[in-house]
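Participant: If you read the sequences in order, they're chains G and P.
Under the numbering used here, the first sequence has 1154 at position 43, and the numbering climbs by one with no breaks.
Under the numbering used here, the second sequence has 1134 at position 23, and the numbering climbs by one with no breaks.
For every residue, glycine included, the Cβ atom is placed at its ideal position computed from N, Cα and C.
2 protein chains.
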Amino acid sequence: MTATAPAPAGRALPHPAREQIRLEGVLHALSDPLRLRIVRELAADGDELSCSFFDLPVTKSTTTHHFRVLREAGVIRQVYRGTAKMNGLRRDDLDELFPGLLASLLDAAARQEARLGEG
Amino acid sequence: MTATAPAPAGRALPHPAREQIRLEGVLHALSDPLRLRIVRELAADGDELSCSFFDLPVTKSTTTHHFRVLREAGVIRQVYRGTAKMNGLRRDDLDELFPGLLASLLDAAARQEARLGEG
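#1: At a CB-CB cut-off below 8 Å, which residues of chain G make contact with P:G1228?
#2: What first and last residue would you give for the beta strand (DSSP E) that runs through G:A1195?
#3: Tell me the rounded alpha-carbon separation between G:Q1223 and P:V1186.
#4: Roughly how many angstroms separate the alpha carbons of G:D1143 and P:S1161, rounded to a whole number?
#5: Three-state secondary structure (DSSP) at G:A1118?
#6: Going along chain G in order, which residues have a C-beta closer than 7 Å to the C-beta of P:F1178?
#7: Secondary structure at G:I1149, three-state DSSP: helix, strand or coil?
#8: In whole angstroms, what is the alpha-carbon distance linking P:R1202 and G:R1129?
#9: In the DSSP assignment, find the unbroken alpha helix (DSSP H) run with P:R1179 in it and report its ends.
#10: Alpha carbons only, please: which of G:E1159, G:K1196, G:D1204 is nearest the one belonging to G:I1132?
#11: For P:L1213, count neighbouring Cβ atoms within 10 angstroms of its own Cβ and tell me buried if that reaches 16, exposed if not.
#12: Taking the Cβ atom as the reference point for each residue, do P:L1147 and P:A1220 lie within a distance shorter than 8 Å?
#13: Distance, Cα to Cα, G:A1225 vs G:K1196?
#14: Where G:L1200 and G:I1149 are concerned, what is the direct C-alpha to C-alpha distance, given to the nearest angstrom?
#15: Note down, in chain order, every chain P residue with its Cβ under 9 Å from the Cβ of G:F1165.
#16: When the Cα atoms are used, what is the spatial distance from P:L1124 to P:S1215?
#17: Indicate the three-state DSSP secondary structure (helix, strand or coil) for G:V1137 in the structure shown.
#18: In three-state terms, what does DSSP make of P:L1205?
#19: Mapping DSSP to helix, strand and coil, what is P:S1161?
#20: With 7 Å as the C-beta to C-beta threshold (strictly closer), list the residues of the region 1135-1160 of chain P near chain G in chain order.
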């Protein structure tokens, strides 16, 4: 009966419902290189990944912060499964709201990596 | 001979060259509602527009700031023409670096406006 998405049992983390997701928030979430990298890895994997899967060159608390920004923007869904916090891309929600945007963003990120890697 | 774009005569403003434009910077520039609105208006018009064309609900100095963020990210080109500072979307540069991205972003912004306007 609320506007938010159904909460999983246990230690549920707050997520915006699909209709609460804002383009500006999504773009802000993806404007950081590490967050963009997280999203690319989630998209490439296609499945949920635990936070510990990501080998980011920052502290654990900074990593937690980046995942939280992505979750609060509606880009990823974070769910506790046992002792692991699992992260999944909200591809369906984003594709429904903004058709083609996520694919364009991922393509742009891949092109940039290819370009700068060659430089 | 420099990596930056050719400067127009007179009071030239610094711009990143095409190859200096970064996806993260573009996304950050577009993550603000007013800056996104500026870009949408420039895209809809298709031509250069003066800063004074935009009727933004903020002070002149804040408006200047937003245009500067867009310029420094490589999203717009700002050129003095006489006494007017003219702004143009760097569509060719963005389309070359990130094919389809600008179109997807503009479409996403239009969809969001239509959706929230109906709410």
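Facilitator: From the atom records:
#1: What P:G1228 touches in chain G: nothing, since even the nearest Cβ is about 13 Å away.
#2: 1195-1200
#3: 16 Å
#4: 30 Å
#5: Caution applies to G:A1118, whose pLDDT of 47 falls short of 50 and renders its modelled position unreliable; the value that the coordinates give is listed next. Here G:A1118 sits in coil by DSSP.
#6: None at all; the shortest Cβ gap to chain G is about 17 Å.
#7: helix
#8: 30 Å
#9: 1171-1183
#10: G:D1204
#11: buried
#12: yes
#13: 31 Å
#14: 10 Å
#15: Ordered by position in chain P, no residue passes the 9 Å Cβ test against G:F1165, which lies about 18 Å from the chain.
#16: 28 Å
#17: helix
#18: helix
#19: strand
#20: E1135, L1138, H1139, L1141, S1142, D1143, P1144, L1147
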